[in-house]
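Protein chains: 2
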Amino acid sequence: MGGDDAPQCVISGTALAMQNDPDLRPILVGDENQLKPLMQNNPILHQAEILHTEDMVTSDEVPSQALRTGKNSSMRLAIDLVKSGEASAVVSAGNSGALMIMALMVLRTIEGIERPALAALFPTLNGPSCMLDLGANIDCSSTNLVQFAAMGDAFYRVIGKVDRPSIGLLNVGEEEQKGSASIREAAAILSDPAIQMNYAGFIEGDGIPMGEAQVIVCDGFSGNVALKTAEGTSKLIGTMIRNSFRATIFSRLGYILARRSFQQLRDMMNPQRYNGAVLLGLNGIVVKSHGGANQDGIANAIKVASDMHRHGFMDDLKNGIARSIDAIEVAQSEKMKSKEETS
Amino acid sequence: MGGDDAPQCVISGTALAMQNDPDLRPILVGDENQLKPLMQNNPILHQAEILHTEDMVTSDEVPSQALRTGKNSSMRLAIDLVKSGEASAVVSAGNSGALMIMALMVLRTIEGIERPALAALFPTLNGPSCMLDLGANIDCSSTNLVQFAAMGDAFYRVIGKVDRPSIGLLNVGEEEQKGSASIREAAAILSDPAIQMNYAGFIEGDGIPMGEAQVIVCDGFSGNVALKTAEGTSKLIGTMIRNSFRATIFSRLGYILARRSFQQLRDMMNPQRYNGAVLLGLNGIVVKSHGGANQDGIANAIKVASDMHRHGFMDDLKNGIARSIDAIEVAQSEKMKSKEETS
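Going line by line, the protein sequences match chains D and F. Each residue of the first sequence is one higher than the one before, counting from 1 in the numbering used here. Each residue of the second sequence is one higher than the one before, counting from 344 in the numbering used here.
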C-alpha cells in the first residue's frame with residue numbers, strides 16, 4: 001500500500017517480477033477491495049496471495065507513532081510474515097523511517113550485530129558498487145564499521161555475484177593518519193587477514209563513482225550525503241545535457257544522430273535499475289523500494305529480495321559476522337596488551 | 344614553486360591575472376634562477392617583484408616537518424609577507440597540509456574564531472555555491488558550525504557579490520529532529536534573527552548541486568566527501584558523454600552538430616573556473632590553488648585573493664563573527680536558563 005502510485009504501481013511491478021521469475025510466490029498485504037480490481041486483468045497475478053488489512057502506515061506518519069498504532073497496518077503484517085517464516089523477505093515502498101523501526105523491533109538484529117545498516121547499489125565506472133550505512137546510524141564506532149563491512153561483503157557476494165568483493169573505507173585522504181579514530185581503528189581490524197575480507201584501504205569521495213571499491217563502508221551521515229550528492233550531480237548534468245541538445249536546430253539534429261549511442265548513459269543513470277535499498281543485520285530480509293519507483297523499480301526491488309534469499313544471504317552473513325567478531329576481539333586484546341606494555 | 348607544473352604554470356597564470364587586473368602587484372616568492380628566465384619573454388611580468396629563496400616545501404613532505412624545517416621555504420616566506428603587511432594575500436599551489444599548518448601558526452585565527460575552515464566554490468543549477476569546511480576539521484561543535492556560517496556568509500558576499508547569501512546546514516533530512524546534536528544546536532542558533540543571516544534550514548546532499556543554498560555549512564569530513572563525490576560523478580558522466588559521442592559514425596556527426604550547444608556544459612564543468620579554495624578565519628587571506636591547475640586556474644585563484652582583499656573581506660568577517668558570538672552566548676545562556684527551570 002506504500003509509495004507514490006500505490007497500490008497500482010506495486011501490483012504491476014509484482015506482475016513484472018513474476019514474469020521474470022516463475023518461482024516467485026508473492027503475498028500482497030493490503031486492502032483487498034483496492035487490490036483485487038487491479039489484479040483481475042493480469043492472469044499471472046491470480047497466483048499471488050492477498051493478506052487483507054484495511055489499516056496502513058501513511059507517508060507522513062512519525063515512525064515512533066506508526067510503531068505504536070500500526071499493529072494491523074499492511075507494513076507491520078508484512079514484516080510479521082517474515083518473523084513467522086511464512087515469507088522469506090519483505091519489500092515495501094512505504095514510509096522509510098516506519099519500516100526501519102518496525103523491522104528492527106519485530107525482527108531484531110542478528111546475534112553479534114550491534115546496529116542494522118541501510119545499503120544500496122549505485123552505478124560506477126566499474127559496474128555497480130554498494131555503499132553502507134546510508135543513514136540508519138549517524139555516529140559509528142569502529143566495531144559498527146567493521147560489522148558494516150561484513151554485511152556489505154555478504155550482500156555484494158549475493159547481488160554482485162563476486163566471490164571476494166573489494167571493501168573500501170570512506171575517508172578524507174588515503175594516508176594512514178587521516179580521518180577519525182573510529183575509522184583508523186576499523187582500518188586496522190579490516191587489514192587483519194583473519195577477517196578474510198578483500199580490504200582495499202581508504203577511498204575518497206571521488207573514488208566512489210570511479211568504482212575504486214565494490215563495497216564502500218562509512219557512517220550513515222557521510223554515506224547519505226555522498227549518495228544524495230551523487231544523485232543530485234547526475235540530475236544536474238542530465239538536465240544540462242537535455243538543455244544542450246535542445247538549444248539549437250543543429251543540436252536537435254545532433255541528438256537524433258547520437259541518440260542510440262547515448263542509450264548506455266541513459267541506462268546507467270536510470271535510478272529504477274538500482275531501486276531496492278536493503279536493511280542489513282536483522283533476522284530477516286527487508287528491502288525498501290523508493291516511494292517514486294515505477295513498475296521496473298518495484299520489480300527490481302523484489303529481485304534483490306529474492307536473490308538474497310536464494311543465495312543464502314542470511315547464513316553467509318552469520319559466518320562473516322562470526323569471523324569479524326573474532327578479529328575484533330583479537331584486535332582489542334592486542335590493543336590492551338600494547339597499552340599494558342607501554343604503561 | 345608549488346604545483347604540478349611549477350614554476351612555469353604559476354608564472355603564466357600570474358601574467359594572465361595581471362592582464363585582467365592592471366592594479367595587481369604580485370610578489371613571486373621562489374628561486375630567481377628558475378623564475379627570471381621564464382619571466383623574460385613577457386613584458387607585463389617585468390612589473391612583478393621577486394622575493395628570492397632556494398628553499399621550498401615539496402609535495403610529499405609531512406606538514407609538521409615542513410613547519411619545523413621550512414622556515415626559509417618559498418611557502419613560509421610568502422605567508423610571512425602577509426603577516427608583516429607587505430602582501431595583502433598569499434596564493435599557493437603547493438602542499439595543502441603544509442600551507443594550512445604554516446598559515447595557522449604564522450597568521451593565527453581571528454579573535455573569536457576557534458578553528459579555521461577550508462571553503463571553495465562549485466557549480467550548481469543556480470550559479471556557484473560555496474561549501475565549508477572541506478577537510479580542515481573532522482569533528483565540529485555547534486559553535487564551529489555557526490562560525491563557519493559567519494565565515495561563509497562574508498566570503499560569499501565578497502565573491503558572489505550577493506548582499507545576503509542563503510545559508511544551508513548539510514544534514515541527512517530536512518526535519519528538525521534529524522542529524523547530530525551539534526547540527527541541531529547550530530540550526531537553533533542560526534535561526535536567531537540577531538545573527539542577521541539568511542538561514543535557509545537543513546539541506547540534503549542532492550540539494551547541493553541543485554543550488555538550494557549559496558553557502559553550505561558542514562563538518563570537514565562530510566564536506567570533503569560531498570565535494571569529491573560531486574567531482575567524481577561529474578568526471579564519470581563526462582567520460583560517458585565522450586564515449587557516447589565517439590561510439591559510432593552517426594554519433595560523431597551528432598557531436599559536430601551539437602558541439603557549440605555543449606559549450607555551456609563544458610564551461611560549467613571546467614574545474615579551472617572554480618580553482619582557489621580559501622582558508623578562512625585567519626588574520627590574513629590564504630588561497631590554495633589546486634596543484635594541477637593550469638594558467639587559467641592560477642589566474643582565478645589570484646582573482647579570488649584580490650577580490651577578498653578589495654571588498655574588505657577581513658572587516659566584514661570580523662563584524663559577522665562579533666554578531667555570531669553574541670548570538671551564541673545568548674543561545675547558550677537561554678539553554679542554561681531552561682535547564683535550571685526544568686531542574
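All C-beta atoms, glycine included, are put in the ideal place defined by N, C-alpha and C. Please read all numbers here as calculations on a predicted model, not as lab measurements.
Assigned secondary structure, residue i (DSSP; H/G/I helix, E/B strand, else coil)
{"i": "D:K337", "result": "helix"}
{"i": "F:S439", "result": "helix"}
{"i": "F:K646", "result": "helix"}
{"i": "D:V91", "result": "strand"}
{"i": "D:H290", "result": "coil"}
{"i": "F:G478", "result": "coil"}
{"i": "D:H309", "result": "helix"}
{"i": "D:A103", "result": "helix"}
{"i": "D:I216", "result": "strand"}
{"i": "F:G575", "result": "helix"}
{"i": "F:V515", "result": "coil"}
{"i": "D:V82", "result": "helix"}
{"i": "D:S64", "result": "helix"}
{"i": "D:S59", "result": "coil"}
{"i": "D:L45", "result": "helix"}
{"i": "D:S73", "result": "coil"}
{"i": "D:I113", "result": "coil"}
{"i": "D:L38", "result": "helix"}
{"i": "F:L570", "result": "helix"}
{"i": "D:L121", "result": "strand"}
Range of the contiguous beta strand (DSSP E) that encloses residue i
{"i": "F:N541", "result": "N541 to I546"}
{"i": "F:L625", "result": "That residue, F:L625, is in no beta strand (DSSP E); it is neither H nor E in DSSP."}
{"i": "D:E49", "result": "E49 to H52"}
{"i": "D:G30", "result": "I27 to G30"}
{"i": "F:A601", "result": "No beta strand (DSSP E) holds F:A601; the alpha helix (DSSP H) holding it covers I592 to A601."}
{"i": "F:L367", "result": "Careful: F:L367 lies outside any beta strand (DSSP E) and carries neither H nor E."}
Residue i and residue j closer than 9 angstroms at C-beta
{"i": "D:Q272", "j": "D:A293", "result": "yes"}
{"i": "D:Q177", "j": "D:R323", "result": "no"}
{"i": "D:V225", "j": "F:A569", "result": "yes"}
{"i": "D:A120", "j": "D:Y274", "result": "yes"}
{"i": "F:I546", "j": "F:I559", "result": "yes"}
{"i": "D:G70", "j": "D:M1", "result": "no"}
{"i": "F:G428", "j": "F:V405", "result": "no"}
{"i": "D:G320", "j": "D:A154", "result": "yes"}
{"i": "D:I208", "j": "D:S142", "result": "no"}
{"i": "D:G152", "j": "D:I138", "result": "no"}
{"i": "D:N126", "j": "D:M210", "result": "yes"}
{"i": "D:Q295", "j": "D:S59", "result": "no"}
{"i": "D:E185", "j": "D:A331", "result": "yes"}
{"i": "D:V135", "j": "D:F221", "result": "Reading off the sequence shown, one finds Gly at residue 135 of chain D, where the question assumed Val. The answer is yes: Cβ separation under 9 angstroms."}
{"i": "F:E555", "j": "D:G205", "result": "no"}
{"i": "D:S73", "j": "D:I101", "result": "no"}
{"i": "D:N20", "j": "D:A299", "result": "yes"}
Bounding residues of the alpha helix (DSSP H) (the contiguous stretch that carries residue i)
{"i": "F:L475", "result": "Note, F:L475: premise wrong, no alpha helix (DSSP H); beta strand (DSSP E) at S472 to L475."}
{"i": "D:I11", "result": "Q8 to N20"}
{"i": "F:A529", "result": "A524 to L533"}
{"i": "D:A150", "result": "S142 to G160"}
{"i": "F:D549", "result": "Run containing F:D549: none; DSSP gives neither H nor E here."}
{"i": "D:Q263", "result": "Q263 to M269"}
Note to self: For the pair the region 276–284 of chain D and the region 85–101 of chain D, tell me if three or more CB-CB distances fall below 8 angstroms.
What the structure shows: yes
Notebook entry, point to check: Pairing CB atoms from the region 312–326 of chain D with CB atoms from the region 395–414 of chain F, are three or more of them under 8 angstroms?
Noted result: no
Notebook entry, point to check: Is the region 148–159 of chain D close to the region 230–242 of chain D, with three or more CB pairs under 8 angstroms?
Noted result: no
Check: On the three-pair Cβ rule with 8 angstroms, is the region 238–254 of chain D touching the region 98–115 of chain D?
Finding: no
Note to self: I want to know whether the region 161–175 of chain D touches the region 346–353 of chain F - three or more CB-CB distances under 8 angstroms.
What the structure shows: no
Item checked: Segment contact, 8 angstroms Cβ cut-off, at least three pairs: the region 651–661 of chain F with the region 367–383 of chain F -> no
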